[in-house]
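Asker: Questions regarding the structure given below will be posed in turn.
Below, the structure written as structure tokens:
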């Protein structure tokens, strides 16, 4: 994995890919899927996300204030759905899905080796956690896997239906 | 335009398309592009979004607490970029881009006739507006244009580069 400049993080998340979020507590890591996220600031990159309090990850995220956002490409779609359809309460999801946790640099939550990008994050705002399960994260460090060229991300439309990145159009624009 | 059940709104925004946001005040409507948005709740649909205080729309949104989120398909890409690269401070963007404002039912902000979906929204939370320019909206009514079959949305990667919806994959999942 290679460093990705923090100024480019928004280009990963702004297009709305399904991502996975890892957390860890007491030596036990967990992973969930997430589509409810958005950029809030370019640099340092701030990200808002919704982690339902029905999710096993919610308590860990709130307590540790740390997580990793991992971005999977199309090849991982089946595993992404698998992660979303079981709970860390009852299984070790990394083992069950055959995903590889890697140590991060700034947080105890693990990176996901199979994902083409990994963002180490800390929680910086919890004002809307009680009302909306909405956390604001700051990205401390971003990793990119240079071995995965032109990864296609997937975009969830509900119940396992995903639109895959198709053609790329380039139009003249001065806006980041 | 036809009613879309509010329970299906998340399927429009969860995949992360570029959208446009309209506002209106004192008989003058404006429109901006937006990629920083996410779902917060299924039903009634709640949406969080970031509208920079550098945008002309910011003051209007904060004052009127009303807007419309309009979802454009690929065919509108050039106009979407045009909307993003000029300011309502100096031009009537609807006129300049050849977009057609239509009256909404519950808000003074207009629908956009050319967009395949339009969501009438009111602001329901402003706790994070001063700190992050982050608004939470509730969708009051959703419209869909049945004449636009299988619209392909566009996903912004920065500076006018968009990934267009490609193939659709369907995997077994019980999750909405």
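Protein chains in written order, with my numbering: chain E, 79 to 254; chain X, 79 to 254. Glycine included, every Cβ here is placed at the ideal spot set by N, Cα and C. Quick caveat, the model's predicted, so the values are computed rather than measured.
1. Is residue 108(E) close to chain X? Criterion is C-beta to C-beta, closer than 7 Å.
2. Residues of the segment 238-252 of chain E in Cβ contact with chain X at a cutoff of 8 Å, in chain order, please.
3. On the DSSP bridge list, what partners appear for residue 100(E)?
4. Taking 7 Å as the CB-CB limit, is residue 184(X) close to chain E?
5. When the cut-off is 7 Å and only beta carbons count, does residue 159(E) lie next to chain X?
6. Could you pull out every residue in the same chain whose Cβ sits closer than 8 Å to the Cβ of residue 167(E), ignoring the five residues on either side in sequence?
7. Look at the Cβ atom of residue 143(X), then the Cβ atom of residue 184(X), and state whether they are nearer than 7 Å.
8. When you compare the CB positions of residue 175(X) and residue 160(X), do they come within less than 7 Å of one another, or not?
9. Can you pull the chain B residues whose beta carbon is under 8 Å from the beta carbon of residue 176(X), in chain order?
10. Candidates 237(X), 118(X), 171(X): which alpha carbon is nearest residue 89(X)'s?
11. Going by beta-carbon coordinates alone, are residue 116(X) and residue 114(E) separated by less than 7 Å?
12. Against chain X, does residue 128(E) count as a neighbour if the rule is that its beta carbon must be under 7 Å from one of theirs?
13. Within the same chain, show all residues whose beta-carbon is closer than 6 Å to that of residue 85(X), passing over the 5 residues directly before and after it, in chain order.
14. Give a yes or no on whether the C-beta atoms belonging to residue 107(E) and residue 181(E) are separated by under 7 Å.
15. Can you grab the Cα-Cα spacing for the pair residue 125(E) / residue 225(X), in whole Å?
16. Is there contact between the segment 233-242 of chain X and the segment 202-222 of chain X, where contact requires at least three CB pairs shorter than 8 Å?
17. How is residue 213(E) classed by DSSP in three states: helix, strand or coil?
18. Could you name the residues that DSSP lists as bridge partners for residue 126(X)?
19. As a quick exercise: from 99(E), 83(E), 94(E), 216(E), pick the residue whose alpha carbon is nearest that of residue 193(E).
20. So which residues on chain X does residue 84(E) lean against when the C-beta distance must stay under 8 Å?
21. Beta-carbon within less than 6 Å of residue 128(E)'s beta-carbon, same chain only, minus the 5 sequence neighbours each way: which residues are those?
22. Classify residue 163(E) as helix, strand or coil using the three-state DSSP reduction.
Answerer: On the basis of the data shown:
1. Between residue 108(E) and chain X, the shortest Cβ-Cβ separation is not below 7 Å.
2. So the list reads 238, 239, 240, 241, 242, 243, 244, 245, 246, 247, 248, 249, 250, 251, 252, given in the order they occur along the chain.
3. 109(E), 146(E)
4. no
5. yes
6. Hits under 8 Å: 134.
7. no
8. In this structure, residue 160(X) lies closer than 7 Å to residue 175(X) by Cβ.
9. The structure shown contains no chain B; the protein chains it does contain are E and X.
10. 118(X)
11. yes
12. Residue 128(E) counts as touching chain X.
13. Excluding positions up to five away in sequence, the list reads 121.
14. no
15. 36 Å
16. no
17. strand
18. 116(X), 214(X)
19. 99(E)
20. What residue 84(E) touches in chain X: nothing, since even the nearest Cβ is about 14 Å away.
21. Excluding sequence neighbours, residue 128(E) sits near 114, 211, 212.
22. coil
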